[in-house]
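**Q** Below is the structure I would like to discuss, written out as structure tokens.
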Amino acid sequence: MENCIFCKIVAGEIPSPRLYEDEKMIVIRDIQPKAKLHYLCIPKNHFALLSEMDGEKAEIVKHCFQVIPTLEKALGLEGGYRVIVNQGENGGQTVRHLHIHLLGGEKLGDF
Ligand code: 5GP
Ligand code: ZN
């Protein structure tokens, strides 16, 4: 997808160290961390919203949620973490390529 920053990261056009990668997703650090540890799980396929999910995209999102718990130790998230998927304008989504925030490494405040 043209001009999508996460597509460019997935394609390697914007360098960003990958803490995990498989055929469907990557995990990188958020460039502006909002917690001591802040990661982004980014599906390799471009789509913006959960409402755009067809069967294939639903499988990708399911895959992400199955893999994330297996990475807890490697990412330093054993103490617990918060999972956030911002959706659209009111949800504060700034990058219109679906991604899953993982926040942890400290006791998070209420939201
Ligand atoms: P959103 O607000 O769309 O839910 O989250 C987008 C996130 O992507 C933000 O937390 C922002 O800091 C992060 N981000 C934006 N551009 C880049 C980038 O080039 N590299 C990385 N690693 N994170 C980015
Ligand atoms: Zn994209």
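All residue numbers for the sequence shown refer to our numbering, where the first residue is 2 and numbers rise by one. Idealized CB from N, CA, C, for every residue including glycine. Source: prediction; values computed, not measured.
1) Where do the ends of the beta strand (DSSP E) carrying residue 86 lie?
2) How about residue 142 and residue 68: do their beta carbons lie closer than 8 Å?
3) Counting Cβ pairs closer than 8 Å, one from the region 12–19 and one from the region 49–65, do we hit at least three?
4) By Cβ distance below 6 Å, which residues in the same chain neighbour residue 83 in space, the five residues on each side in sequence not counted?
5) Going by the beta-carbon positions, is the gap between residue 41 and residue 31 smaller than 8 Å?
6) CB-CB under 8 Å to residue 48, same chain, minus the five flanking residues each way: which ones, in chain order?
7) Along the chain, which unbroken stretches of the alpha helix (DSSP H) at least 4 residues long are found entirely within the region 45–83?
8) Near residue 7, which residues of its chain fall below 7 Å by C-beta distance, leaving aside the five closest residues on each side in sequence?
9) Does ligand 1 have even one heavy atom less than 7 Å from the beta-carbon of residue 41?
**A** In short, the structure shows the following:
1) Per DSSP, residue 86 lies in no beta strand (DSSP E) segment and is marked neither H nor E.
2) The shown model of the chain, from 2 to 112, leaves out residue 142, and the question about it has no answer.
3) No, because fewer than three Cβ pairs between the region 12–19 and the region 49–65 fall closer than 8 Å, the two stretches do not touch.
4) Same-chain partners within the cutoff: 104 and 109.
5) In this structure, residue 41 places its C-beta atom within 8 Å of the C-beta atom of residue 31.
6) If we look at residue 48 and ignore the five residues flanking it on each side, its Cβ neighbours are 54, 58, 98 and 99.
7) Runs of the alpha helix (DSSP H) inside the region 45–83: 56–68 and 73–76.
8) Excluding sequence neighbours, residue 7 sits near 43, 96, 98 and 100.
9) Checking every heavy atom of ligand 1 against the Cβ of residue 41, one is found closer than 7 Å.
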